[in-house]
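Structure first, commentary second.
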Amino acid sequence: MTSMTETVPLVNSYRSGPDEDGHFGQYGGRYVAETLMPLILDVEKAYERVRGDPRFHAELKHYLAHYVGRPSPLYFAERLTEHLGGARLYFKRDELNHTGAHKINNCVGQILLARMMGKTRIIAETGAGQHGVATATVCALFNLPCIVYMGETDIQRQQPNVFRMKLLGAEVRPVTSGSGTLKDAMNEALRDWVANVDSTYYLIGTVAGPHPYPMMVRDFQSVIGREVRTQMMEAEGRPPDSLVACIGGGSNAMGLFYPFLDDPDVTMHAVEAAGHGLDSDKHPASLNGGRPGVLHGNKTYLLQDADGQIVEAHSISAGLDYPGIGPEHSWLFDTGRVRYVSITDAEALDAFQLCARLEGIIPALEPSHALAHVMRIAGDLPGDHLMVMNMCGRGDKDIFTVANALGVQI
Amino acid sequence: MDSRIDRRFESLRASRRGGLVTFITACDPDIETSFKLLSGMAQAGADLIELGMPFSDPMADGPSIQAANLRALAAGATLSKTLDLVRRFREGDNETPIVLMGYFNPIHTYGVDRFLRDAKGVGVDGLIIVDLPPEEDRELCLPALASGMRFIRLATPTTDDARLPTVLANTNGFLYFVAITGITGTRSASEEVVASAVTRLRRHTALPIAVGFGVKTPENASMVVRFADAAVVGSAIVDRIAAGIDAEGQVAPTMVDDVLGFVRQLADAVRATPRQAA
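Chains as they are written, first to last, in our numbering: chain S, 692 to 1101; chain X, 328 to 605.
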């Protein structure tokens, strides 16, 4: 504590993670079978190379602008603002991206990386099907064979996306093991990868899995938050006061939050799905209802029983139905930088309907959870409070699920 | 520190033969049947036993062992019950080494220190934890080695000469070579791969080498021990357990004998195989 204090650089940053072994605090890391280790180290090396390569960024920027349609608008939701009677509410319109969700931002980045690595076969897992559709899309664009693992339960409730993936030329492989949802699809994708290491690139759709995926997916999604900063300066002349996003694995939330983590005046709310409620055994809220453990290549908060067996998640939204969460969120949860709250199926359904009627936007069930939290807090905030909610997906894929939940025959 | 594993490989070397390592999942299909299988294995000729710790999400395993994990969990398997099986086994057998194989999360939940103390206490000799590569050695590997537990590492066809020193840095007992790139119980190991891999691995380590994943028949096992110090058979044994269970989950009265009979055939084939000069 003598001369040290003068030479130690400022480490008071929330944006310095992960460390070189992929850890965010005690979370993250590389918990994979040895067969995959050399490959994961290759992905890491390749990503480190492109990260500082202006040609890569120019190519990425080209596809984001002309293929995805970025920047997505920052839209002042006037009628909802008036209805809630508090904060000025803005939607970041990532549902207007090509394929209808934020997932494509990451897929474009990773497919460019996979091509650079000389990989000839792409695999992915999907829950709601949005990541599967986005992966199938970029594989069609770059003429690469695409295999998407999807739980049988999710295939049943996301038929439109299954058909979309097939139209795009992907093979959708149903997964019947376990609960037939996202976690089982991820197990099966990892099994495929282990068996096909030479040819295959695993295009993970969220900020989870072994290092470097949580960092890489976060970086590719951070375009969301960077655009919000610029757009809010143009609209209001200052940065937002609060950010709200839903979290399953947590990629749209990391993408929105990351550029603002070191802005101490920006409050952040991440909204977990609570399914039938946190006091029920049918929810996917790994932070508010789980504890740290190791699954799918990383250490993070997980839903698990007293023996460390992974417990089935439940949510009306297939995209949030995962018993884990990205490791950086676990760290942000422990440090308290981000507030992690939860919203039930029923609350999300109410928000879904209100948004359709008041704004003419049918949101996906995933951001309907974020909106339900906005509805809970916005009214108590002053009229000059600037709130940005990430409208990370459109709801067309969910209309059958919602009709069913509302008892409507289509 | 003295270990049943080291003693067993020394005695195999002295008798100039390769060893047979058998795998079953603890508590599959139920605790009592699993105990009968475990306690009959050594009699049937297993030189070392790998006991799977049931996990809900066995990512490195193929359909046979996935199903075994689910049967065991449905029968009420927990890590404590797995350790209790070892304790009962040790009452009748203080020589045959037992290695627990599985995934880290149940151990993380149980608590690493408590797990190492209890596992050593009941007579576990080594650990193979599929999802703990050298990069995560601080979690369990280093405390396990410090406690005298053997920590066995997997080397795979993707583990090249540049990576092998990392894999071999904190390990002992034996080296487990995974003969296929893939999950358990799918493809068959080829003689060419096994022969060249064992030759390559021996340039890097003096540890005994066991070969598994894709070793399914007495002929496969015999081929493996021409080159390696031991052959590991897992899915093929677990398949015979599954074959002895009907659609209602009833265990056929002949199942245990069928499985142990297969182990006997494997052991006979291994014991009849002359060793290549090392």
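The beta-carbon is built from N, C-alpha and C at its ideal position, and this holds for glycine as well.
Query raised in the report: Quick one, which of S:Gly716, S:Met841, S:Thr828 and S:Ile814 has its alpha-carbon nearest S:Ala792's?
Result: Sequence index remark: in the first sequence, residue 792 of chain S carries index 101 (1-based). For S:Ala792, the nearest C-alpha among the options comes from S:Thr828.
Query raised in the report: Cβ atoms of X:Ala506 and X:Pro637: under 9 Å apart, would you say?
Result: For residue 637 of chain X there is no data in the structure shown, the boundaries of chain X being 328 and 605.
Query raised in the report: At least one CB of chain X closer than 9 Å to the CB of S:Asn788: is that the case?
Result: Your numbering for residue 788 of chain S matches position 97 in the first sequence. No - not a single Cβ of chain X is within 9 Å of the one on S:Asn788.
**Report entry** Residue-chain proximity (S:Gly999, chain X), Cβ-Cβ < 9 Å
**Finding:** For the purposes of this step, residue 999 of chain S is taken as residue 308 along the first sequence, with counting starting at 1. Chain X, which has a Cβ nearer than 9 Å to the Cβ of S:Gly999, makes this yes.
Requested in this report: Identify the continuous beta strand (DSSP E) that holds S:Arg864 and give its terminal residues.
Outcome: Along the first sequence, one-based indexing puts residue 864 of chain S at 173. Run containing S:Arg864: Glu862 to Val866, per the beta strand (DSSP E) assignment.
Query raised in the report: If contact means a Cβ-Cβ distance below 9 Å, which residues of the stretch 487 to 519 of chain X contact chain S?
Result: Asp487, Ala489, Arg490, Thr493, Val494, Val505, Ile507, Thr508, Gly509, Ile510, Thr513 and Arg514
Query raised in the report: Name the chain X residues whose beta carbon is nearer than 7 Å to that of S:Thr726?
Result: Translated into positions along the first sequence, residue 726 of chain S becomes position 35. Going along chain X in sequence order, the residues near S:Thr726 (Cβ under 7 Å) are Thr483, Thr485, Val505 and Thr508.
Query raised in the report: Comparing alpha-carbon positions, which option in S:Asp1075, S:Phe1024, S:Thr1092 and S:Leu947 lies nearest S:Ala1061?
Result: As a working mapping, residue 1061 of chain S is identified with position 370 in the first sequence. Of the candidates S:Asp1075, S:Phe1024, S:Thr1092 and S:Leu947, the one whose C-alpha sits nearest the C-alpha of S:Ala1061 is S:Leu947.
Query raised in the report: Mind checking whether S:Ser1006 and S:His974 have CB atoms under 9 Å apart?
Result: Here residue 1006 of chain S refers to the residue found at position 315 of the first sequence. Here residue 974 of chain S refers to the residue found at position 283 of the first sequence. Taking 9 Å as the Cβ cut-off, S:Ser1006 and S:His974 qualify as a contacting pair.
Requested in this report: Starting from the Cα of S:Phe646, find the closest Cα among S:Gly800, S:Gln850 and S:Thr1035 and give me that residue.
Outcome: Coverage of chain S is limited to positions 692 through 1101, which leaves residue 646 of chain S absent and any answer about it impossible.
Query raised in the report: Taking only beta-carbon atoms, is S:Leu894 less than 9 Å away from chain X?
Result: Start at 1 with the first residue of the first sequence, and residue 894 of chain S comes out as number 203. False, the Cβ-Cβ gap to chain X never drops below 9 Å.
Query - Pick from S:Gly940, S:Arg770, S:Gly777 and S:Asp733 that is closest to S:Leu1045, judged by C-alpha positions - result: Here residue 1045 of chain S refers to the residue found at position 354 of the first sequence. For the residues S:Gly940, S:Arg770, S:Gly777 and S:Asp733, the minimum Cα distance to S:Leu1045 belongs to S:Arg770.
Requested in this report: Alpha carbon to alpha carbon, how far is S:Glu739 from X:Gly419? Give it in angstroms, no decimals.
Outcome: Here the question's residue 419 of chain X lines up with position 92 in the second sequence. Here the question's residue 739 of chain S lines up with position 48 in the first sequence. The alpha-carbon atoms of X:Gly419 and S:Glu739 are separated by roughly 55 Å.
Report task. Could you name the residues that DSSP lists as bridge partners for S:Lys783? Result -> The sequence position of residue 783 of chain S within the first sequence is 92, counting from 1. According to DSSP, which records beta bridges pairwise, S:Lys783 is partnered with S:Leu765 and S:Asn1081.
Query raised in the report: What does S:Gly988 pair with, by DSSP beta-bridge criteria?
Result: By 1-based counting over the first sequence, the position of residue 988 of chain S is 297. S:Tyr722, per the DSSP bridge assignment.
Query - Length of the line joining the Cα atoms of X:Ile332 and X:Met476 - result: Taking the first residue of the second sequence as 1, we reach residue 332 of chain X at position 5. Taking the first residue of the second sequence as 1, we reach residue 476 of chain X at position 149. The alpha-carbon of X:Ile332 is positioned some 10 Å away from that of X:Met476.
Query raised in the report: Ordered along the chain, which non-local residues of its own chain (more than five positions away) have a Cβ less than 6 Å from that of S:Asp910?
Result: Residue 910 of chain S sits at position 219 when you count from the first residue of the first sequence. Nothing listed; no residue qualifies.
Requested in this report: State the start and end residues of the unbroken alpha helix (DSSP H) segment that holds S:His960.
Outcome: For the purposes of this step, residue 960 of chain S is identified with residue 269 of the first sequence, where counting begins at 1. S:His960 -> not in any alpha helix (DSSP H); beta strand (DSSP E) instead, spanning Thr958 to Ala964.
Query raised in the report: From what residue to what residue does the beta strand (DSSP E) around X:Cys354 run?
Result: By one-based count along the second sequence, residue 354 of chain X stands at place 27. X:Cys354 -> no beta strand (DSSP E), and no H or E assigned at all.
Query raised in the report: Quick one: does S:Gly980 have its CB under 9 Å from some CB of chain X?
Result: The sequence position of residue 980 of chain S within the first sequence is 289, counting from 1. Closer than 9 Å: no.
Report task. Go to S:Arg929, then tell me how far its alpha helix (DSSP H) extends in each direction, as first and last residue. Result -> The residue given as residue 929 of chain S occupies position 238 in the first sequence. It is not in any alpha helix (DSSP H) - S:Arg929 carries neither H nor E in the DSSP assignment.
Query raised in the report: For a contact meaning CB atoms closer than 8 Å, what does S:Ala976 contact in chain X?
Result: Here residue 976 of chain S refers to the residue found at position 285 of the first sequence. Going along chain X, no residue has its Cβ under 8 Å from S:Ala976, so there is no contact; the nearest lies around 18 Å.
Query raised in the report: Which value, in whole angstroms, describes the spacing of the CA atoms of X:Arg344 and X:Met368?
Result: By 1-based counting over the second sequence, the position of residue 344 of chain X is 17. By 1-based counting over the second sequence, the position of residue 368 of chain X is 41. Spanning the two alpha carbons is a distance of roughly 18 Å.
Query raised in the report: Quick one: what's got a C-beta closer than 6 Å to S:Arg779's C-beta in the same chain, skipping five residues either side?
Result: For the purposes of this step, residue 779 of chain S is taken as the residue at position 88 of the first sequence. Thr772 and Leu1077, listed in sequence order.
Report task. Out of S:Thr817, S:Pro729 and S:Gly776, state which residue places its alpha-carbon closest to the alpha-carbon of S:Arg864. Result -> Locating residue 864 of chain S in the first sequence gives position 173, counting from the first residue. Checked all of S:Thr817, S:Pro729 and S:Gly776; the closest Cα to S:Arg864 is S:Thr817.
Query raised in the report: With 9 Å set as the bound, which would you pick, yes or no: does the beta-carbon of X:His435 sit closer than that to a beta-carbon of chain C?
Result: Of the chains in the structure shown, none is chain C; the protein chains are S and X.
Query raised in the report: By Cβ distance, which residues of its chain are closer than 7 Å to S:Ala737, with the 5 residues on each side in sequence left out?
Result: Start at 1 with the first residue of the first sequence, and residue 737 of chain S comes out as number 46. If we look at S:Ala737 and ignore the five residues flanking it on each side, its Cβ neighbours are Leu804, Met807 and Met808.
Query raised in the report: Could one say the Cβ of X:Met582 lies closer than 9 Å to chain S's Cβ atoms, at least one of them?
Result: Taking the first residue of the second sequence as position 1, residue 582 of chain X is located at position 255. It does not: the Cβ of X:Met582 has no partner Cβ on chain S nearer than 9 Å.
Query raised in the report: When you compare each of X:Leu495, X:Val520, X:Asp384 and X:Ser383 to X:Asn547 by their alpha carbons, which one comes out closest?
Result: On the second sequence, residue 547 of chain X is found 220 positions in, with the first residue counted as 1. Taking only the C-alpha atoms, the option nearest X:Asn547 is X:Val520.
Requested in this report: Answer yes if the stretch 907 to 922 of chain S comes into contact with the stretch 844 to 860 of chain S, meaning at least three C-beta pairs across the two stretches below 8 Å, and no otherwise.
Outcome: no
Query raised in the report: Going by Cα to Cα distance, which pick from S:Met907, S:Asn788 and S:Gly980 is closest to S:Ile1001?
Result: Counted from its first residue, the first sequence places residue 1001 of chain S at position 310. It is S:Gly980 whose Cα lies nearest to the Cα of S:Ile1001.
Query - Pairwise C-alpha distance: X:Ala404 and X:Glu462 - result: For this step, residue 462 of chain X is matched to residue 135 along the second sequence. For this step, residue 404 of chain X is matched to residue 77 along the second sequence. Cα to Cα, X:Glu462 sits roughly 29 Å from X:Ala404.
Query raised in the report: DSSP three-state call for X:Gln577: helix, strand or coil?
Result: Translated into the one-based positions of the second sequence, residue 577 of chain X becomes position 250. It is coil, neither helix nor strand.
Query raised in the report: What residues from chain X crowd round S:Pro729, counting only those whose CB sits closer than 9 Å?
Result: As a working mapping, residue 729 of chain S is identified with position 38 in the first sequence. The contacting residues are Thr483, Thr485, Thr486, Asp487, Ala489 and Arg490.
Query raised in the report: Among the residues of its own chain, which have a CB less than 6 Å from the CB of S:Ser933, if the five just before and after it don't count?
Result: Here residue 933 of chain S refers to the residue found at position 242 of the first sequence. For S:Ser933, where only same-chain residues beyond five positions count, the Cβ hits under 6 Å are Thr958 and Met1078.
Query raised in the report: Within 10 angstroms of its Cβ, does S:Asn878 collect 16 or more other Cβ (buried), or is it exposed?
Result: To locate residue 878 of chain S, count along the first sequence from 1; it is residue 187. Looking at its Cβ environment, which holds 16 or more other Cβ atoms inside 10 Å, S:Asn878 is buried.
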